[in-house]
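Student: Pasting a structure below so you can have a look.
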Amino acid sequence: MVRWEAPPCGTFKINMDGGFILKSREAGIGGLIRNSDGQWIIGFSEPVKVERVLHAELLAIKKGLKLAWNVGCHNVIYETDSTCSLELIKWASTNVHIFREVIGEIRKICERKWERVELVHVFREGNQCTDYLAKFGSRHPYHCLWVFSLYTLVKQLEDDAKGTFYFRRKL
């Protein structure tokens, strides 16, 4: 069982996701920032031109961190369901990695004078709103930035804030 967990008081939670639909070759990124009450601060979705889901995941991380910084959220916990992305950002030597440029950009963003920036893994089921936003980005040709929550996510956001548990899917 998995659930979205609110960050400590004064901390913001960033949840981002990248999606890639192999059959149609469409990709998108999306995500949102919430406060310790689970309230929507800002969200986005947009299409991206990538050939691999890992690239989309990395672009989502970069976009989420930049967005948080730009709106003044400097005490953040960043959650992603991409363990591969986290390993590349935190530990891997990426001098010859195909995505070394975006990984380097993410590392530089993390070196800014954040009050706190912590990148952690979360299971996909604890990140459902961002999965929706990433899919939205892959299916629409425009960049969207929302300062109010989408009506299609209101129930999900309320359930998350209440601590609703979700069953983990077996892969």
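Position one of the sequence shown corresponds to residue 14 (our numbering), numbered consecutively onward. Backbone N, C-alpha and C define an ideal beta-carbon position, used for all residues, glycine too.
1) For S162 and E128, what's the separation of their Cα atoms in angstroms?
2) Let me know if V133 comes out buried or exposed under the rule of 16 or more other beta-carbons within 10 Å of its beta-carbon.
3) Pull up the DSSP beta-bridge partners for H134, would you.
4) Which of helix, strand or coil does DSSP assign to S205?
5) Any idea if L166 is buried or exposed, counting beta-carbon neighbours within 10 angstroms, 16 or more meaning buried?
6) Would you mind reading off the limits of the alpha helix (DSSP H) that contains W82?
7) For the pair the segment 136-146 and the segment 33-40, tell me if three or more CB-CB distances fall below 8 Å.
8) Okay, do the segment 47-67 and the segment 148-157 touch, 3+ Cβ pairs below 8 Å being the bar?
9) What's the call for G43, buried or exposed, on a 16-neighbour Cβ count within 10 Å?
10) Sort G31, F136 and E92 by Cα distance to M14 and report the nearest one.
11) For R129, write down the residues that DSSP places opposite it in a beta bridge.
12) Apart from the five residues just before and just after K79, which ones in its own chain have a Cβ nearer than 7 Å to its Cβ?
13) Can you tell which of Y179, W159 and F178 has the C-alpha that lies nearest to the C-alpha of W53?
Tutor: According to the data block:
1) For the purposes of this step, residue 162 is taken as the residue at position 149 of the sequence shown. For the purposes of this step, residue 128 is taken as the residue at position 115 of the sequence shown. C-alpha separation (whole angstroms): 26 Å.
2) Working through the sequence shown from its first residue, we reach residue 133 at position 120. By the 16-neighbour rule on beta-carbons within 10 angstroms, V133 is exposed.
3) Taking the sequence shown and counting its residues from 1, the one referred to as residue 134 is at position 121. Within the DSSP bridge table, the entry for H134 names T93 as partners.
4) Coverage of the chain is limited to positions 14 through 184, which leaves residue 205 absent and any answer about it impossible.
5) Counted from its first residue, the sequence shown places residue 166 at position 153. Counting Cβ neighbours within 10 Å, L166 comes out buried, since at least 16 surround it.
6) In the sequence shown, counting from the first residue as 1, residue 82 sits at position 69. Its alpha helix (DSSP H) spans residues V66 to N83.
7) The segment 136-146 vs the segment 33-40: no contact.
8) The segment 47-67 makes contact with the segment 148-157, as at least three CB pairs between them are under 8 Å.
9) One-based indexing of the sequence shown puts residue 43 at position 30. Answer is buried; the Cβ neighbour count reaches 16.
10) Walking along the sequence shown from the start, residue 14 turns up at place 1. Closest in alpha carbon position to M14, among G31, F136 and E92, is F136.
11) As a working note, residue 129 is residue 116 in the sequence shown. N88, per the DSSP bridge assignment.
12) Numbered from 1 along the sequence shown, position 66 holds the residue referred to as residue 79. Same-chain partners within the cutoff: I122.
13) For the purposes of this step, residue 53 is identified with residue 40 of the sequence shown, where counting begins at 1. W159 is the residue among Y179, W159 and F178 whose C-alpha sits nearest the C-alpha of W53.
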